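Structure, as structure tokens:
Number of protein chains: 4
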Amino acid sequence: MAGLGIGLIGTGYMGKCHALAWNNVSSIFGDVDRPRLVTLAEVNAELAAKKATELGFAKSTGDWRDLLSDPSIDVISVTTPNAFHAEMAIAALEAGKHVWCEKPMAPALADATRMRDAAARSGKVAVMGYNYIQNPMIRHIRRLIDEGAIGAVNHVRVEMDEDFMADPAQPFYWKSEASSGYGALDDFAVHPLSLLFTLFGHVEVVVTDMVKPYETRPLTEGGSRTVENHDIASVLLRLEGGISAALMANRSAWGRKGRIAVQIFGSAGSILFDQERMNEFQLYQASGRPEEQGFRTILAAPHHKPYDRFIPAPGHGLGFNDLKVIECRELIAAIGGDKAHVIGFDDGLRIERSVHAMAQSFAEQRWVTVG
Amino acid sequence: MAGLGIGLIGTGYMGKCHALAWNNVSSIFGDVDRPRLVTLAEVNAELAAKKATELGFAKSTGDWRDLLSDPSIDVISVTTPNAFHAEMAIAALEAGKHVWCEKPMAPALADATRMRDAAARSGKVAVMGYNYIQNPMIRHIRRLIDEGAIGAVNHVRVEMDEDFMADPAQPFYWKSEASSGYGALDDFAVHPLSLLFTLFGHVEVVVTDMVKPYETRPLTEGGSRTVENHDIASVLLRLEGGISAALMANRSAWGRKGRIAVQIFGSAGSILFDQERMNEFQLYQASGRPEEQGFRTILAAPHHKPYDRFIPAPGHGLGFNDLKVIECRELIAAIGGDKAHVIGFDDGLRIERSVHAMAQSFAEQRWVTVG
Amino acid sequence: MAGLGIGLIGTGYMGKCHALAWNNVSSIFGDVDRPRLVTLAEVNAELAAKKATELGFAKSTGDWRDLLSDPSIDVISVTTPNAFHAEMAIAALEAGKHVWCEKPMAPALADATRMRDAAARSGKVAVMGYNYIQNPMIRHIRRLIDEGAIGAVNHVRVEMDEDFMADPAQPFYWKSEASSGYGALDDFAVHPLSLLFTLFGHVEVVVTDMVKPYETRPLTEGGSRTVENHDIASVLLRLEGGISAALMANRSAWGRKGRIAVQIFGSAGSILFDQERMNEFQLYQASGRPEEQGFRTILAAPHHKPYDRFIPAPGHGLGFNDLKVIECRELIAAIGGDKAHVIGFDDGLRIERSVHAMAQSFAEQRWVTVG
Amino acid sequence: MAGLGIGLIGTGYMGKCHALAWNNVSSIFGDVDRPRLVTLAEVNAELAAKKATELGFAKSTGDWRDLLSDPSIDVISVTTPNAFHAEMAIAALEAGKHVWCEKPMAPALADATRMRDAAARSGKVAVMGYNYIQNPMIRHIRRLIDEGAIGAVNHVRVEMDEDFMADPAQPFYWKSEASSGYGALDDFAVHPLSLLFTLFGHVEVVVTDMVKPYETRPLTEGGSRTVENHDIASVLLRLEGGISAALMANRSAWGRKGRIAVQIFGSAGSILFDQERMNEFQLYQASGRPEEQGFRTILAAPHHKPYDRFIPAPGHGLGFNDLKVIECRELIAAIGGDKAHVIGFDDGLRIERSVHAMAQSFAEQRWVTVG
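Quick mapping for you: the protein sequence lines, in order, are chains P, W, F and H.
Mapping to UniProt numbering: the first sequence position 58 is 58, numbers consecutive.
Mapping to UniProt numbering: the second sequence position 43 is 43, numbers consecutive.
Mapping to UniProt numbering: the third sequence position 236 is 236, numbers consecutive.
Mapping to UniProt numbering: the fourth sequence position 55 is 55, numbers consecutive.
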């Protein structure tokens with residue numbers, strides 16, 4: 001039987017990642033028909049053709065709207081810059097295609113809301129690319145929480161830190177413009193929010209502090225320009241069910257490269273995870289003889305599904321790109337009508353509303369309830 | 001020449017620690033006269049006599065006021081429960097003795113203020129027992145910050161977590177009573193505040209969230225009682241000079257035993273420290289070839305003064321009790337009129353005002369300026 | 001231009017791995033023509049057809065010899081059990097195909113020698129599947145050693161430990177038969193030997209101890225059977241150039257899942273690596289101020305080539321399967337006549353001669369020179 | 001009741017350590033009479049007097065033989081350079097004193113044997129200063145092994161690495177002379193041997209390799225001198241009961257400061273320990289659900305006796321010097337006729353015979369049985 005027909009818009013890193021996922025999902029899982037990589041769209045025909053060859057697509061186009069009218073295409077991957085997500089995703093949904101859209105939905109809340117509404121109207125599957133939640137370690141942590149392995153969770157801390165904005169000598173570029181968003185809170189802090197949502201549910205109230213480590217940044221042409229958003233954000237929050245949490249995001253944290261550190265405290269134990277060592281997590285259970293209680297470092301292994309589909313031996317390690325293959329498999333499940341572990345446009349919108357509430361809290365220097 | 005004459009009130013863990021410090025400071029440092037351990041005071045004569053023999057004091061008494069009138073006593077160590085600190089410290093200062101008082105100063109801000117005033121009037125040395133700041137690792141971190149090794153610091157996170165209140169089955173006892181304080185914020189969170197003060201200066205504004213992981217705790221006699229304070233506190237703060245910080249304290253954090261984790265981010269690097277591994281810290285410097293940049297784990301060594309006074313070889317490790325010996329040496333320096341690395345009653349009071357401001361912020365659900 | 005034509009024999013884990021590599025090498029690297037996945041061979045036509053669909057091959061066959069006569073096939077991947085390697089690899093080379101063969105070459109030294117000779121005669125590229133050497137961390141370590149970053153290396157330790165034979169209750173199976181090899185030394189310890197060779201050159205003299213942790217193992221049908229080889233091997237060795245080394249292999253090491261721990265000591269520094277955390281290594285350089293010397297934990301990043309071809313951001317992590325894609329790219333380079341980072345049949349044979357010398361050393365309880 | 005009367009010979013680091021231990025053992029343990037620090041002996045009267053004041057001894061002497069005739073002295077601590085141990089320890093035993101002698105016994109096996117014989121004849125307690133075995137973590141590990149927590153032990157690895165000889169620019173000094181011993185094997189590798197003995201029993205057969213990382217070292221006066229012993233030693237060994245072990249010692253291992261890393265593999269689990277993080281160990285038990293098996297990091301705590309005598313709270317950390325206080329308490333137990341956890345001259349001699357057998361194995365390039 002023929003597999004799903006795929007259209008891809010955009011070939012930046014996430015575009016490549018989607019292409020790899022579509023290409024590998026059948027080989028890895030062995031239980032889905034091999035997707036047909038139909039058409040790749042880029043900003044011009046020449047680039048599109050080059051990338052189609054490289055990434056294994058049959059056809060290419062310089063006009064993404066060509067994908068909408070092609071009946072052999074079932075799903076469209078949207079991996080363009082954030083400002084284009086709303087237009088493309090809505091058009092794809094209205095054309096009867098399923099949509100796999102990179103996060104976040106859109107810089108403006110109104111656009112994100114329109115995306116959510118279009119998805120609801122279409123009856124098609126519309127999924128956000130929150131790949132960190134697909135890590136078998138995260139999925140196992142969720143299972144442990146559901147099973148009560150650490151009792152009732154009462155407190156959570158999440159830190160997301162990288163250092164791509166840490167150098168004060170780095171010239172001003174668009175990421176420091178107000179039009180690109182709030183800074184650390186936006187396309188950065190949505191990742192830890194996706195984890196908090198997956199493990200515990202949505203955010204209810206927040207209070208935020210934000211900081212500019214550098215007031216200005218040099219311009220490549222000489223002189224300097226005032227930085228318009230905040231590279232560091234710290235938030236106290238309450239989640240559904242009353243769990244208290246702290247969320248800290250810092251994109252100018254020297255030495256941190258891909259840190260998403262989670263600490264979960266419950267009435268019977270604790271769980272720790274850090275994305276920089278994505279193939280392990282730590283579990284403390286307050287049981288057994290006290291003399292031997294301690295945090296256990298648990299390495300990813302075949303019994304942490306679906307690690308087994310990638311490697312039959314424990315401790316050998318998945319990579320970041322593998323998470324996208326798992327996400328792809330979940331998306332296919334959703335399209336097939338099965339229960340899937342994904343974040344749809346509905347929950348994606350709620351995540352983005354949290355971000356806007358956090359920014360409002362900082363602007364007004366007070367606690368804010370997420371709308 | 002005769003060393004300082006010492007009086008000690010209290011022989012709980014901190015009393016033992018003070019006694020060990022007075023006993024070892026000369027052997028360890030070799031540059032101070034051996035203190036004379038004159039009189040130990042306890043709640044009754046019998047216990048006092050037993051403990052004096054055990055801890056090496058020449059005399060003992062069941063009435064702590066006996067120490068005030070003894071001219072051979074120069075310094076009084078106050079290691080009794082917090083509620084007695086004010087009365088004893090003030091009496092000692094008024095009797096012309098130097099005072100070494102365990103933290104915190106007093107449950108009530110008014111008492112702490114009276115202690116500060118008595119110290120100022122007396123002209124004597126009055127020092128708080130904030131031993132974590134004496135760790136050679138912390139002292140070296142301060143040196144690195146002063147030297148600009150990580151550039152201008154812009155963000156700090158401190159976590160203090162233990163699990164002595166983590167078990168919901170643990171019966172209600174005085175630590176859960178409102179009269180004992182706010183919970184995690186009090187005699188617990190003052191430790192990270194002492195580190196923040198030592199490294200960066202005082203706290204200026206705060207916003208706080210606090211949580212009760214367990215609404216009630218069982219009574220040993222059956223039934224249960226409502227918990228009156230909060231085992232978990234999270235605070236966003238701004239320090240002198242505008243540094244943003246987050247302070248998290250959790251005394252019900254399963255698996256954490258003596259964690260005081262500090263993360264310091266600067267414009268040229270970062271520093272990490274965790275008291276659970278007190279003989280090491282981590283330094284990231286954004287210099288040299290990028291391919292080899294990384295966090296360096298630096299083990300305590302003789303060049304981290306005064307580690308060399310304890311052990312001549314690197315990597316062999318100091319213990320928690322050794323920090324008190326260093327504090328003792330600093331106290332003797334202060335008494336001798338030298339520059340000393342200690343927290344006096346003045347700065348101690350400011351730390352406690354921060355704590356009360358944090359509690360007020362939670363009560364009023366708003367940002368509060370420290371008075 | 002058409003890419004290389006690929007034939008694959010075997011679809012166990014390594015077969016899947018080869019298929020993924022052939023499928024991804026163009027998408028990942030973007031600088032090679034997309035290979036044509038021509039024919040997959042398995043033990044029968046039905047399995048071959050199923051796997052061909054799953055893994056993306058155009059044709060399938062139940063007779064691997066069909067690959068030899070197909071002119072559209074340029075390279076044959078041999079991923080069958082070790083006992084078949086010699087026959088298949090030699091036939092493929094004699095049919096004018098390049099060969100990519102999984103390690104080790106063959107259980108018998110005579111067969112491995114015939115493979116080496118066939119490769120030499122054919123003039124074709126014949127490469128062993130030693131994927132751990134492709135890790136960007138290992139490649140960067142080699143660069144550092146070549147640059148003299150840790151001075152002259154004088155001592156090395158390598159440990160390879162897993163626990164798949166650790167359970168004494170695990171029934172006897174073929175891995176405990178003498179006919180399968182010496183135990184830990186064979187298809188297991190060749191991995192660390194591939195690293196030693198890549199970094200330092202070949203082994204010259206050895207002395208070995210081997211142990212059976214369990215003398216017998218239960219039979220599934222009841223009763224037990226004597227174990228015929230050794231799950232634990234420890235070897236002292238001297239490498240080319242006089243470096244002393246210790247090699248320890250234990251396939252019954254509870255808790256170790258994929259440990260290949262390397263410690264390299266030089267006159268100016270040290271390097272540490274462990275495959276269980278394959279996206280980092282540690283570097284100590286005896287330079288700069290002594291107070292801040294320490295092991296640096298360096299996370300995999302785009303400047304550690306070819307990590308950048310997989311992920312543009314540091315600290316996000318490659319997976320084990322990605323190493324095979326790198327190996328595939330190197331193989332293509334070798335076929336194109338470029339300098340490639342691979343272990344050919346020549347060096348592969350030398351590695352296997354080391355293994356046999358180690359076993360001889362144990363049998364004769366003396367130091368043995370590798371022939 | 002009066003405590004034991006103490007004489008101390010030598011005030012280098014170990015002399016200071018003994019003095020601290022004698023000074024603290026009563027305060028820490030509370031269950032022994034406070035020892036009387038009677039007389040300190042040094043090479044001349046002036047130094048002796050200065051040190052006696054500093055370390056708290058009542059009297060001092062420039063002639064160590066004065067201690068022998070003093071009836072108020074019960075125990076003599078011998079902390080002088082190794083070459084003096086035999087003469088002093090034997091004289092003390094013959095004078096009816098108990099002896100606490102720093103390790104190793106003596107450079108020459110004949111002298112060590114005479115010491116053992118003198119101890120046997122005297123009927124007095126004669127104990128070696130092997131303090132690492134006193135670490136509560138090591139004592140708990142021994143308890144776990146005895147209880148069968150990791151099943152039957154089948155393999156052990158011990159590494160002892162420091163870097164005080166790592167710098168090739170360090171001038172030649174006595175530690176590189178043949179008269180000082182074999183190099184890494186002697187006063188260095190006896191520590192891991194003390195751990196192996198404590199946990200598993202004595203060494204039976206050995207095969208050794210040794211290396212000189214630097215053939216010559218510079219002389220301070222110019223020129224250079226040939227190094228006469230080996231800074232690196234690697235040994236394969238079999239212990240009592242057939243356990244196989246590997247012992248690696250490197251005193252030129254850049255970056256290692258006080259590493260004594262132990263890996264213990266058993267039929268039901270594994271244990272890891274490293275002296276550089278002396279307040280923790282790791283335990284893997286192959287029990288419970290496989291998905292959550294992992295190495296547990298266990299922090300030192302009051303239930304790891306006698307940690308509780310030092311600190312009532314877990315995770316706060318003992319220091320290296322504290323181990324000597326525990327050793328002192330054990331020595332007092334031995335003097336009191338109680339079962340004590342110490343290494344007497346008998347077992348000390350056996351440890352030194354192992355060292356000589358290792359050196360012989362290297363000289364003769366063959367397996368050697370310990371005499």
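Note that the Cβ used here is the ideal one computed from N, Cα and C, for glycine as well.
Quantities reported herein were computed from a predicted structural model and do not represent experimental measurements.
Short Cβ contact (8 Å threshold) for residue i with residue j
i	j	result
G77 (chain P)	L8 (chain P)	The displayed chain sequence assigns Ser, not Gly, to residue 77 (chain P). For S77 (chain P) and L8 (chain P), yes; Cβs fall inside 8 Å.
D74 (chain H)	L4 (chain H)	yes
K175 (chain F)	P314 (chain P)	no
Q285 (chain H)	A301 (chain H)	no
E94 (chain H)	S122 (chain H)	yes
Residue i classed as buried or exposed, judged by whether at least 16 other C-beta atoms fall within 10 angstroms
i	result
K324 (chain F)	buried
L219 (chain H)	exposed
A169 (chain P)	exposed
Y173 (chain W)	exposed
Q365 (chain H)	exposed
T226 (chain H)	exposed
A253 (chain F)	buried
P213 (chain H)	buried
S179 (chain H)	exposed
S224 (chain F)	exposed
G148 (chain F)	exposed
Range of the contiguous beta strand (DSSP E) that encloses residue i
i	result
N250 (chain P)	S244 to N250
H155 (chain P)	V153 to D161
F295 (chain W)	F295 to L299
D209 (chain F)	V203 to V211
D146 (chain F)	Run containing D146 (chain F): none in the beta strand (DSSP E); it sits in the alpha helix (DSSP H), P136 to E147.
G269 (chain F)	G269 to D274
Residue-level contact to chain W via CB, residue i, 8 Å cutoff
i	result
N44 (chain P)	no
R34 (chain H)	yes
N229 (chain P)	no
residue 373 (chain H)	In the structure displayed, chain H extends from 1 to 371; residue 373 (chain H) sits before or after that span and is not available.
H303 (chain F)	yes
CB contact check: residue i to chain H, cutoff 8 Å
i	result
M248 (chain F)	yes
L318 (chain P)	no
L199 (chain P)	no
Min CB distance residue i to chain P below 8 Å
i	result
A253 (chain W)	yes
A19 (chain F)	yes
Any chain F beta carbon closer than 8 Å to residue i
i	result
N154 (chain P)	no
T11 (chain P)	no
ask   = Just by C-beta distance, which residues in the stretch 263-297 of chain W are closer than 9 Å to chain H?
value = Correct list: Q275, E276, R277, M278, N279 and E280.
Contact set between the stretch 332-359 of chain F and chain W, restricted to residues whose Cβ is under 8 Å from the partner = Within the stretch 332-359 of chain F, no residue places its CB atom closer than 8 Å to a CB of chain W.
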